[in-house]
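Quick note, the sequences are listed as chains A and B, same order.
Numbering-wise (my numbering), the first sequence opens with residue 1 and increments by one.
Numbering-wise (my numbering), the second sequence opens with residue 335 and increments by one.
Protein chains: 2
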Amino acid sequence: MRVVVDAMGGDRAPAVVVEGAVQAARELGVEIVLVGRQEAIEAELARFETTGLPLTIRHASQVIAMDEHNPAAAVKTQKNSSMVVSMDLLKRRDADALLTAGHSGAALAAALFRLGRIRGIKRPALSTIFPSDTPQGHCFLLDIGANAVCKPEYLLQFAIMGCVYAERVLGVPNPRLAIVSNGEEEGKGNDLVQETTPLLRASGLNFVGNAEGKDIPWGLADVVVTDGFTGNVILKLAEGVSKFLMDVLKENIMSSSVAKVGGMLAKPAFDAVRQRLDYREYGGAPLLGVDGVVIVGHGRSDALAIKNGVRVAAQAVENGILEAIKDGIAEYEG
Amino acid sequence: MRVVVDAMGGDRAPAVVVEGAVQAARELGVEIVLVGRQEAIEAELARFETTGLPLTIRHASQVIAMDEHNPAAAVKTQKNSSMVVSMDLLKRRDADALLTAGHSGAALAAALFRLGRIRGIKRPALSTIFPSDTPQGHCFLLDIGANAVCKPEYLLQFAIMGCVYAERVLGVPNPRLAIVSNGEEEGKGNDLVQETTPLLRASGLNFVGNAEGKDIPWGLADVVVTDGFTGNVILKLAEGVSKFLMDVLKENIMSSSVAKVGGMLAKPAFDAVRQRLDYREYGGAPLLGVDGVVIVGHGRSDALAIKNGVRVAAQAVENGILEAIKDGIAEYEG
Numbered sequence: 001m002r003v004v005v006d007a008m009g010g011d012r013a014p015a016v017v018v019e020g021a022v023q024a025a026r027e028l029g030v031e032i033v034l035v036g037r038q039e040a041i042e043a044e045l046a047r048f049e050t051t052g053l054p055l056t057i058r059h060a061s062q063v064i065a066m067d068e069h070n071p072a073a074a075v076k077t078q079k080n081s082s083m084v085v086s087m088d089l090l091k092r093r094d095a096d097a098l099l100t101a102g103h104s105g106a107a108l109a110a111a112l113f114r115l116g117r118i119r120g121i122k123r124p125a126l127s128t129i130f131p132s133d134t135p136q137g138h139c140f141l142l143d144i145g146a147n148a149v150c151k152p153e154y155l156l157q158f159a160i161m162g163c164v165y166a167e168r169v170l171g172v173p174n175p176r177l178a179i180v181s182n183g184e185e186e187g188k189g190n191d192l193v194q195e196t197t198p199l200l201r202a203s204g205l206n207f208v209g210n211a212e213g214k215d216i217p218w219g220l221a222d223v224v225v226t227d228g229f230t231g232n233v234i235l236k237l238a239e240g241v242s243k244f245l246m247d248v249l250k251e252n253i254m255s256s257s258v259a260k261v262g263g264m265l266a267k268p269a270f271d272a273v274r275q276r277l278d279y280r281e282y283g284g285a286p287l288l289g290v291d292g293v294v295i296v297g298h299g300r301s302d303a304l305a306i307k308n309g310v311r312v313a314a315q316a317v318e319n320g321i322l323e324a325i326k327d328g329i330a331e332y333e334g
Numbered sequence: 335m336r337v338v339v340d341a342m343g344g345d346r347a348p349a350v351v352v353e354g355a356v357q358a359a360r361e362l363g364v365e366i367v368l369v370g371r372q373e374a375i376e377a378e379l380a381r382f383e384t385t386g387l388p389l390t391i392r393h394a395s396q397v398i399a400m401d402e403h404n405p406a407a408a409v410k411t412q413k414n415s416s417m418v419v420s421m422d423l424l425k426r427r428d429a430d431a432l433l434t435a436g437h438s439g440a441a442l443a444a445a446l447f448r449l450g451r452i453r454g455i456k457r458p459a460l461s462t463i464f465p466s467d468t469p470q471g472h473c474f475l476l477d478i479g480a481n482a483v484c485k486p487e488y489l490l491q492f493a494i495m496g497c498v499y500a501e502r503v504l505g506v507p508n509p510r511l512a513i514v515s516n517g518e519e520e521g522k523g524n525d526l527v528q529e530t531t532p533l534l535r536a537s538g539l540n541f542v543g544n545a546e547g548k549d550i551p552w553g554l555a556d557v558v559v560t561d562g563f564t565g566n567v568i569l570k571l572a573e574g575v576s577k578f579l580m581d582v583l584k585e586n587i588m589s590s591s592v593a594k595v596g597g598m599l600a601k602p603a604f605d606a607v608r609q610r611l612d613y614r615e616y617g618g619a620p621l622l623g624v625d626g627v628v629i630v631g632h633g634r635s636d637a638l639a640i641k642n643g644v645r646v647a648a649q650a651v652e653n654g655i656l657e658a659i660k661d662g663i664a665e666y667e668g
């Protein structure tokens with residue numbers, strides 16, 4: 001198993017990426033290819049004892065910035081960027097999977113240009129693991145931004161890919177599937193939801209109906225499907241609301257010395273909540289529908305997130321996710 | 335000033351509605367007409383000293399249930415419901431404004447059937463006050479569910495109505511306006527956002543651009559406009575995420591005795607956060623675009639929320655919101 005890691009991707013790259021890759025090489029028995037500026041990577045590697053670890057470096061001189069406004073153009077012009085070079089290694093089957101905590105739009109564009117789509121897939125989807133009250137503690141949400149404008153047949157494919165991923169990689173048997181809507185009753189929804197619902201109902205997937213915004217954290221479903229516009233708003237709103245709430249709470253706790261003592265005593269509880277919301281445990285979520293295993297980590301990934309991202313990438317390969325998606329499309333698309 | 339109050343609307347009606355109406359009649363110098371089942375209202379009124387208060391009852395025998403699945407049909411068939419009778423009083427100008435904490439879809443349908451739209455308004459919008467880091471502590475979000483499918487010209491009108499309301503009733507000078515999108519850069523967005531943006535930019539309103547989900551709680555804008563599908567998902571997701579977070583925190587605090595003590599000491603801080611998120615302070619948000627002042631309170635309204643809802647209704651009348659909307663449409667629609 002060989003995983004290529006975009007060493008320059010993420011807010012704290014290459015330092016935390018290299019650190020996480022070293023941990024992955026040490027603990028997971030996975031070969032790692034670090035792609036990026038050789039000198040920078042070597043400097044980071046020198047901080048660790050790496051003798052005998054299955055770690056190699058592939059030099060790439062350019063970096064696509066995290067705040068790049070036109071990722072598609074960047075991917076075309078920066079052919080020696082760590083993102084594009086990583087994708088090329090995957091395309092040539094020099095690696096089994098790819099992990100990047102870099103620009104997700106650039107990952108999408110690079111994957112589309114270099115790997116292309118799985119045969120029969122109309123559009124790829126970006127996904128995320130959303131903290132939720134399901135038995136496994138999270139639900140799988142897609143599309144979170146690859147396709148701002150969607151057709152019903154795209155959403156059906158996202159649903160199939162999502163359920164296959166949840167079952168094969170996240171270990172959820174017979175995952176419950178829902179579609180985001182503005183009301184729980186059938187008949188609610190915009191045109192897209194109303195046209196997609198009969199497709200989901202007829203698919204043979206375990207479709208449980210509409211998920212309102214309030215249901216998403218509450219475990220109604222294991223896989224939640226939506227268009228990339230709404231999914232992106234959901235993902236970012238949840239982050240914004242969580243941060244707002246915790247900040248207001250912190251500010252109020254710090255404003256009185258009694259409350260401050262209370263806050264210190266309750267710290268383990270706060271830490272538990274933070275862990276519950278912590279994307280780092282999940283490592284990353286797949287870019288589904290492209291012809292290669294690509295895991296996109298959070299831009300704020302730290303070493304733990306990177307290590308877990310490598311684990312997720314390896315699991316996706318071991319569980320034959322690409323073949324499973326092809327089979328799923330054949331079985332459920334009808 | 336006379337405000338008609340739907341005494342049967344809300345999860346805890348008529349008890350808390352009558353209590354709030356009594357407080358409003360006592361403290362706000364506003365005449366109140368309570369609409370609903372006479373006996374039930376009288377029984378609730380008997381709990382208070384109401385001698386000399388400007389409170390009257392108008393009997394209405396039916397109640398539209400909070401979980402009614404087809405509010406438009408209910409409004410048509412239940413002509414003697416508290417909602418429809420209240421709306422009729424407003425239509426006949428027997429009252430200046432209406433407050434209901436009942437079914438918001440039914441309020442919308444009843445207002446459309448009985449009051450009609452303000453001349454020139456294409457679609458009415460439901461709105462909410464969203465806790466946010468603005469100077470006034472909240473932003474005004476619309477549409478939150480009246481129109482699952484929107485056209486750019488509707489969103490322009492929502493923006494105009496929202497800005498007029500924020501300026502006149504919420505007291506925000508020159509309110510900053512944003513549109514919900516899946517990225518901050520112009521060019522991001524689904525078709526609706528891309529087609530609406532030039533209209534907002536040309537309108538003369540104080541348009542500051544796209545608001546991502548993460549920006550909404552963070553005070554980027556005073557008025558945030560979106561279609562009713564997305565707005566409804568935002569509203570309910572924010573409620574769901576807040577509740578999920580607070581519940582997980584509570585559960586963790588209760589699981590250890592040290593943390594429990596900490597939680598008790600920090601209780602004032604938790605209460606402050608709850609208050610910050612508390613819809614009751616705002617009383618309700620308007621149904622904009624119909625030809626009458628209609629304020630829709632939260633279904634979970636208590637007496638304080640009802641009292642504040644009456645205050646908001648009176649303020650909207652005093653500030654001439656209907657005329658101001660007509661003027662705003664003439665000024666900004668171009």
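Glycine is no exception: its CB is placed at the ideal position from the N, C-alpha and C atoms.
Nearest CA to the CA of residue i: which residue from the options?
i: A/N252; options: B/L599, B/A593, B/V575, B/L579; result: B/L599
i: A/G219; options: A/Q38, A/L141, A/Q275, A/F270; result: A/L141
i: A/K188; options: B/T564, B/M580, B/M495; result: B/T564
i: A/G292; options: A/Q194, A/R117, A/E44; result: A/R117
i: B/V514; options: B/V498, B/Y499, B/L569; result: B/L569
i: B/V409; options: B/L442, B/G517, B/R427; result: B/L442
i: B/A603; options: A/R92, A/R276, A/T134, A/D247; result: A/D247
Would you check if the distance between the CB atom of residue i and the CB atom of residue j is smaller than 7 angstroms?
i: A/N319; j: A/V169; result: yes
i: A/A303; j: A/G20; result: yes
i: B/L621; j: B/L460; result: yes
i: B/A444; j: B/N414; result: no
i: A/A146; j: A/A178; result: no
i: A/V17; j: A/P124; result: no
i: A/A65; j: A/M83; result: no
i: B/V558; j: B/R510; result: no
i: A/I129; j: A/Y332; result: no
i: A/H103; j: A/P152; result: no
i: A/G299; j: A/D11; result: yes
i: A/T197; j: A/L155; result: no
i: A/V149; j: B/N524; result: yes
i: B/G505; j: A/L237; result: no
Residues in its own chain within less than 7 angstroms of residue i by CB, not counting five upstream and five downstream?
i: A/V4; result: V33, V35, S86, L89, L90, A95, L98
i: B/M335; result: V364, E365, D430, A648, V651
i: B/R360; result: L387
i: A/P14; result: A7, M8, G36, A40, I41, E44
Reducing DSSP to helix, strand and coil, say where residue i ends up.
i: B/R392; result: strand
i: A/A146; result: coil
i: B/L579; result: helix
i: B/E665; result: helix
i: B/R451; result: strand
i: A/V63; result: coil
i: A/N174; result: coil
i: A/T230; result: helix
i: B/S591; result: helix
i: B/K456; result: coil
i: A/D96; result: coil
i: B/V542; result: strand
Does the beta-carbon of residue i have 16 or more other beta-carbons within 10 angstroms, so that it is buried, or is it exposed?
i: A/A100; result: Before going on, a small fix: residue 100 of chain A reads as Thr here, not Ala. Buried, because 16 or more other Cβ atoms sit within 10 Å of the Cβ of A/T100.
i: B/E373; result: exposed
i: B/E657; result: exposed
i: B/T390; result: exposed
i: A/G204; result: exposed
i: B/K601; result: exposed
i: B/A664; result: exposed
i: A/D143; result: buried
i: A/G162; result: buried
Go through its chain and collect everything with a Cβ distance to residue i's Cβ below 8 angstroms, but skip five positions before and after it.
i: A/S132; result: H138, C139, I216, P217, W218, G219
i: A/N174; result: E167, N206
i: B/A593; result: N586, I587
i: B/T384; result: V356, A359
i: B/R610; result: P465, G471
For residue i, which residues from the same chain have a beta carbon less than 6 angstroms from its beta carbon, with the 5 sequence-adjacent residues on both sides left out?
i: B/I629; result: L433, G618, P620, G643, V646, A647
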